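Residue numbers (the working numbering): 686 to 975.
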């Protein structure tokens, strides 16, 4: 227990670095109404997203370059070696699976400064998820790998003899995206242990969420409007829970052409769904649009 302005504070350092996680739909209280159209007799399972964006492909390309030709990273390779990985790279970007992709590649020898591969290298691309590379590098350079984001709990009094706080318990977030997320499934367990260690067993008041650590807009400039309802585009918040994502569960009715059952997990009365999803016949393909 750490005294802070006559309040009880229980700090929970983040055990994992920020990581982009996956779910079904981002929580958007300000834009609650969504419309669904059609389903089949089986519960809907969203298919894997196809990486047709050239910017996202660039990330996998970097790993590909390292894997196919490690000597290139440790020193100047022989000309035959360069030709080998160049050919393999050309084969990869011209593969049928990337027919709709647009690649921008520029590879330079760090020792000589020589350009060893270029494909649309001078064209401009929307950086998209590649921005995370710069964000991650900045955080590591500024704070170091040992830095942790802290989520605190405050009360106006320390727990009594029976571990009871008569007033409210305030949860104060500082932007930890991994607080009880799919990357840290035991977050609530650690929370309970920390509160118990501070002597807290019961709260008579309310549980208050304080997100005042971040001031400003909840959506960054330049974010694509079409992405704002996706799992990877939740609103910016100082206090996140479950990646700030809600899952929409779809279950078929007993008979075809009847409306399916839809509900949010976790439940949120601010999010309303206009359900037009019909249960299809057995064996038909499941389709769903929002």
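Glycine included, C-beta positions come from ideal geometry on N, C-alpha and C.
Since the model is a prediction, treat every value here as computed from it, not as a measurement.
Distance between beta carbons of residue j and residue i, contact taken as under 8 Å
i, j, result
"residue 838", "residue 855", "7 Å"
"residue 936", "residue 921", "Their Cβ separation, rounded to whole angstroms, is 33 Å, which puts residue 936 and residue 921 out of contact at 8 Å."
"residue 808", "residue 789", "5 Å"
"residue 857", "residue 895", "5 Å"
"residue 638", "residue 893", "Residue 638 lies beyond the stretch modelled for the chain, which goes from 686 to 975, so this question has no answer here."
Three-way DSSP call (helix, strand, coil) for residue i in this model
i, result
"residue 949", "strand"
"residue 783", "helix"
"residue 840", "strand"
"residue 992", "This structure leaves residue 992 out entirely; the chain is present only between 686 and 975."
"residue 931", "strand"
"residue 859", "coil"
"residue 802", "strand"
"residue 893", "strand"
"residue 851", "coil"
"residue 936", "strand"
"residue 973", "coil"
"residue 824", "helix"
"residue 880", "helix"
"residue 835", "strand"
"residue 777", "helix"
"residue 815", "helix"
"residue 944", "strand"
"residue 873", "helix"
"residue 962", "strand"
"residue 731", "Its pLDDT being 34, under 50, residue 731 is placed unreliably in this model, and the value from its coordinates should be taken loosely. Residue 731 falls in the coil class under three-state DSSP."
Residue i classed as buried or exposed, judged by whether at least 16 other C-beta atoms fall within 10 angstroms
i, result
"residue 819", "exposed"
"residue 730", "Residue placement at residue 730 is flagged as unreliable, the pLDDT there being 34, under the threshold of 50; the coordinate-derived value follows with that caveat. Residue 730 is exposed by the Cβ-count criterion."
"residue 945", "buried"
"residue 862", "buried"
"residue 780", "exposed"
"residue 967", "exposed"
"residue 792", "buried"
"residue 774", "buried"
"residue 962", "buried"
"residue 844", "buried"
Straight-line gap, residue i to residue j (C-alpha atoms, nearest Å)
i, j, result
"residue 872", "residue 964", "37 Å"
"residue 874", "residue 881", "11 Å"
"residue 817", "residue 835", "21 Å"
"residue 787", "residue 776", "14 Å"
"residue 825", "residue 832", "9 Å"
"residue 891", "residue 878", "20 Å"
"residue 859", "residue 903", "14 Å"
"residue 804", "residue 910", "30 Å"
"residue 708", "residue 778", "With a pLDDT of 35 at residue 708, under the threshold of 50, the modelled position of this residue cannot be trusted; read the value that follows with caution. Roughly 29 Å separates the two Cα atoms."
"residue 897", "residue 924", "9 Å"
"residue 726", "residue 941", "Here residue 726 scores only 37 on pLDDT, less than 50, and its place in the model is too uncertain to base an answer on."
"residue 900", "residue 823", "21 Å"
"residue 934", "residue 956", "13 Å"
"residue 948", "residue 960", "10 Å"
"residue 811", "residue 908", "11 Å"
"residue 830", "residue 814", "21 Å"
"residue 799", "residue 769", "17 Å"
"residue 919", "residue 950", "16 Å"
"residue 975", "residue 958", "9 Å"
"residue 916", "residue 797", "43 Å"
"residue 782", "residue 939", "39 Å"
"residue 972", "residue 912", "20 Å"
"residue 821", "residue 806", "24 Å"
"residue 876", "residue 842", "19 Å"
"residue 802", "residue 794", "9 Å"
"residue 1014", "residue 943", "Because the chain in this structure spans residues 686 to 975, residue 1014 falls outside the shown range and cannot be described."
Proximity test, Cβ basis, 8 Å: residue i and chain C
i, result
"residue 876", "Looking for chain C here will not work: only one protein chain is present."
The ligand NAP heavy atom lying under 7 Å from the CB of residue i
i, result
"residue 949", "Because no ligand of any kind appears in the structure shown, any question about the ligand NAP cannot be addressed here."
>> Assess contact between the region 860-879 and the region 925-936, defined as three or more Cβ pairs (one per stretch) separated by less than 8 Å. Is contact present?
In response: yes
>> I'd like to know if the region 885-901 and the region 842-862 are in contact, where contact means that at least 3 CB-CB pairs between them fall below 8 Å.
In response: yes
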